[in-house]
Amino acid sequence: MHAGALDEFRATLESVARESLTPSDLAQRIDTDGALDPDEMTCELAAAIQSQVWGQGFPEPRFFGRFAVEAQRVVAERHLKLTLAADGRRFSAIRFGSPDPLPASIEAVYRLDLDAYQGGESLQLTLEYVS
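Residue numbers for the sequence shown follow my numbering, so the first one is 565 and each next one is one higher.
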């Protein structure tokens, strides 16, 4: 493809995109299923969620919460393993792909997962977004 055809393709693509997309289509947004009470954050709920089929148009549930960061350490050089606390309960959590330390208090979007380790399962929050 020569330069003139490529420029024409870009212009046509941009024109179609401008006609089809709204500003809200271009805004970054994270959808969640709301907040869970810490007492609702259980292995049973995580197992029930994982037993379902999720896909495009029907994403796996994500939740929002505020947590105190009690402990954090880098694992496998690129992930962050954490102990979080909310309303007197502690939770194991992991943040994949970002070993950067977090502040003492965070707001997070997370999934409820089960961490299978040494023959047992425990609840683990998988952090997808943190501020």
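Idealized CB from N, CA, C, for every residue including glycine.
Since we're looking at a predicted model, the values are computed, not measured.
Query, Result
"Three-state class that DSSP yields for Gly661 in the structure shown", "coil"
"Reference Ile594; option with closest CA among Gln636, Ala610, Phe627 and Leu600", "Phe627"
"Residue range of the unbroken alpha helix (DSSP H) whose run includes Phe573", "Ala567 to Ser584"
"C-alpha gap between Ala567 and Leu577, whole angstroms", "15 Å"
"For Val673, the nearest candidate out of Ala680, Gln688, Ser695 and Pro602 (CA to CA)", "Ser695"
"The region 629 to 638 in contact with the region 646 to 656 per 3-pair CB rule at 8 Å", "yes"
"For Leu609, three-class secondary structure by DSSP", "helix"
"Secondary structure of Ser588, DSSP reduced to three states", "helix"
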